[in-house]
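Participant:
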Amino acid sequence: MGDLAGVMMFFWIVIIVVAFIIEVNTLDLVSIWFSLGAVFAFVASLMGADEMSQMWVFIGSTIILLGLTRPLAKKYMIKNKVKTNADRLVGKIAKVTKVIPIGERGEVKIDGKFWLAFSKDTSQFEVDERCEVLAIEGVKLLVGKLKD
């Protein structure tokens with residue numbers, strides 16, 4: 013084994029460890045694929061592959077692992093979204109209690125509670141008009157016109 017082969021093995025071990033440490037500290041599935049790709053490249057170096065082949069093994073395996081597993085991992089990861097009982101309001105009908113001018117806030121009543129509301133529509137909502145709750149942003153409801 014030549015000097016360069018030993019350097020490459022050390023290089024892959026460093027990549028494995030550094031990427032793993034980053035992953036453990038972030039828990040965002042950012043660098044685990046680089047760590048796994050480096051494992052494959054390290055194995056290739058043990059099998060006597062030249063440096064360019066090791067790099068291609070690293071790049072190829074990282075891309076393949078990323079493409080195959082990241083969508084599944086993201087689907088099952090819990091992000092920083094905290095579900096609340098208010099989420100059930102999305103899709104319900106609210107009644108405007110204070111005019112919602114274009115680009116400004118007004119007020120709606122839904123389930124017996126008053127909420128600040130705003131609209132991204134290009135029209136104003138008048139008192140007693142009914143609207144649909146599209147989303148909750150902070151303590152305000154995003155409302156839209158009812159669909160016919």
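Sequential numbering from 13 applies to the sequence shown in the numbering used here.
Even glycine gets a Cβ: it sits at the ideal position worked out from N, Cα and C.
Since we're looking at a predicted model, the values are computed, not measured.
Could you name each continuous alpha helix (DSSP H) segment of 4 residues or more that falls completely within the segment 43–115, going from the start of the chain to the end?
Facilitator: Those alpha helix (DSSP H) runs which fall completely within the segment 43–115 and span 4+ residues are 44–58, 63–88.
Participant: Residue 125 and residue 154 - do their beta-carbons sit closer together than 9 Å?
Facilitator: For residue 154 and residue 125, no; Cβs fall outside 9 Å.
Participant: Below 8 Å, how does it come out for the segment 50–57 and the segment 66–77: are there three or more Cβ pairs, yes or no?
Facilitator: In short, these stretches touch, since the Cβ pair count reaches three.
Participant: Specify, as a first and last residue, the run of the beta strand (DSSP E) that residue 153 falls within.
Facilitator: Per DSSP, residue 153 belongs to the beta strand (DSSP E) from 152–156.
Participant: To the nearest angstrom, report how far apart residue 157 and residue 150 are at their CA atoms.
Facilitator: Rounded to the nearest angstrom, the two C-alpha atoms are 21 Å apart.
Participant: Leaving out the 5 sequence neighbours to the left and right, which residues in its chain are closer than 8 Å to residue 71 when beta-carbon positions are compared?
Facilitator: Around residue 71: 49.
Participant: With a Cβ-Cβ cutoff of 9 Å, do residue 120 and residue 112 count as a contact?
Facilitator: In contact: residue 120 and residue 112 (Cβ atoms closer than 9 Å).
Participant: Does the beta-carbon distance from residue 152 to residue 123 come in below 9 Å?
Facilitator: No, the pair does not count as a contact, with Cβ atoms beyond the cut-off.
Participant: Report, in whole angstroms, the separation of the C-beta atoms of residue 137 and residue 108, which I expect to be a contact under 8 Å.
Facilitator: With 8 Å as the limit, residue 137 and residue 108 qualify as a contact, their Cβ atoms being about 5 Å apart.
Participant: Please name the residue or residues paired with residue 41 in a DSSP beta bridge.
Facilitator: According to DSSP, residue 41 bridges with nothing at all.
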